[in-house]
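Asks: Dropping a structure here in structure tokens format, bear with me for questions.
Residue numbers (this note's numbering): 1 to 272.
As structure tokens, then:
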């Protein structure tokens, strides 16, 4: 991808988004981390959408694991580790810009995206910039559509108050929300019905806000149920990152792993 001539101190990251000089080291690590299970489909200029399209026939079970802007995004690491024993599983991560702030190498608990990319079964990490890395041409695959087709299950962990509200309103101004908006809710397009599991996380006051109650009714009653396409894992009560104590914390990573295994029909290997 060509660098703009008027930005001499910027370099493109793996998704075509330009980063500042202070971010170049992180970007270099991310370039290296991307080498591996997600090879370009048509040379070095292959789009992320091409790669996802090719991976649909890899013979594995596909988990699309997404995160929006909540401190609970750091639990992605534990979720991925909890699923590491399943050799037939492929995981692709979708992060909003806000979620990226919590995985920038701050600590062992908050590794960089490059480190997350090297974790077991992780075959790709996608941000909003991955959607349009170059001018689109007729017939070229579109990332949010290919992601929907690729996924056997989508889990949003965490689902923030902001992303919940946008999801219910039908807004699709991020890659994550575009995938949700393009989901085949009744199986009439792709020929198979698939679930989106959302793991809610927000401050206690946000959770108790009447707007949240209204949005939750849409997710659980209008879009949920046995025949629905959305399943909600409600938050639990604990001391939150803001030091408030109350409901609003995302469910434990162990429960999310168990839900993923059950939905995908994954069985744990028998230990000798």
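Glycine included, C-beta positions come from ideal geometry on N, C-alpha and C.
Taking the DSSP output, what are the residues bridged to residue 200?
Replies: Paired residues: 159.
Asks: Grab me the residues of residue 173's own chain with a C-beta within less than 8 Å of its C-beta, minus the 5 sequence neighbours each way, in chain order.
Replies: Excluding residues within five positions, the ones whose Cβ falls inside 8 Å are 166.
Asks: Apply the 10 Å Cβ neighbour rule to residue 161 and answer buried if 16 or more other Cβ atoms are within range, or exposed otherwise.
Replies: So residue 161 counts as buried.
Asks: Let me check one thing: in DSSP terms, what residues is residue 76 bridge-paired to?
Replies: Beta-bridge pairing links residue 76 to no other residue.
Asks: Using the three-state DSSP reduction, which class does residue 90 fall into: helix, strand or coil?
Replies: Looking at residue 90 - three-state DSSP - the assignment turns out to be strand.
Asks: Tell me the rounded alpha-carbon separation between residue 263 and residue 119.
Replies: Distance between the alpha carbons of residue 263 and residue 119: 22 Å.
Asks: Can you give the Cα-Cα distance for residue 111 and residue 105, rounded to whole angstroms?
Replies: Straight-line Cα distance between these residues: approximately 4 Å.
Asks: Cα-Cα, which of 97, 194, 222 and 75 is closest to residue 68?
Replies: Nearest C-alpha to residue 68: 97.
Asks: What are the start and end residues of the beta strand (DSSP E) that includes residue 249?
Replies: 245 to 249 is the span of the beta strand (DSSP E), which, as asked, contains residue 249.
Asks: Where do the ends of the beta strand (DSSP E) carrying residue 230 lie?
Replies: Where residue 230 is concerned, the enclosing beta strand (DSSP E) stretches over 230 to 233.
Asks: Considering only their Cβ atoms, is the gap separating residue 93 from residue 73 smaller than 8 Å?
Replies: Against a cut-off of 8 Å, the Cβ pair of residue 93 and residue 73 comes out as no contact.
Asks: With a CB to CB cut of under 8 Å and the five nearest residues on each side skipped, what residues in its chain are close to residue 59?
Replies: The residues are 88.
Asks: Spell out the partners DSSP gives residue 238 in its beta bridges.
Replies: In the DSSP output, where bridge partners are listed per residue, residue 238 has 246.
Asks: Counting Cβ pairs closer than 8 Å, one from the stretch 250 to 269 and one from the stretch 77 to 87, do we hit at least three?
Replies: Segments in contact, yes.
Asks: By DSSP's criteria, residue 114 is part of a beta bridge. Which residues make up the other side?
Replies: Note: residue 114 sits in no beta bridge, so no partner.
Asks: I need the straight-line Cα distance from residue 135 to residue 238, nearest angstrom please.
Replies: Whole-angstrom Cα-Cα distance: 47 Å.
Asks: Relative to the alpha-carbon of residue 177, which residue among 115, 127, 232 and 203 has its alpha-carbon at the smallest distance?
Replies: Checked all of 115, 127, 232 and 203; the closest Cα to residue 177 is 127.
Asks: What residues in its chain sit with their C-beta under 6 Å from that of residue 163, if we drop five residues either side in the sequence?
Replies: Cβ within range, chain order: 68.
Asks: Who does residue 125 pair with in a DSSP beta bridge?
Replies: In the DSSP output, where bridge partners are listed per residue, residue 125 has 93.
Asks: Let me know the beta strand (DSSP E) ranges lying completely inside the stretch 200 to 225, each 3 residues or longer, listed in chain order.
Replies: Complete beta strand (DSSP E) runs here, min 3: none at all.
Asks: For residue 266 and residue 91, what's the separation of their Cα atoms in angstroms?
Replies: Their backbone Cα atoms lie some 13 Å apart in a straight line.
Asks: Are there 16 or more other CB atoms within 10 angstroms of the CB of residue 251, so buried, or fewer, so exposed?
Replies: Under this definition residue 251 is a buried residue.
Asks: Is the Cβ-Cβ distance between residue 247 and residue 204 less than 8 Å?
Replies: It is a contact, given that the beta carbons lie within the stated cut-off.
Asks: Under the three-state reduction of DSSP, which class applies to residue 83: helix, strand or coil?
Replies: If DSSP states are grouped into helix, strand and coil, residue 83 belongs with coil.
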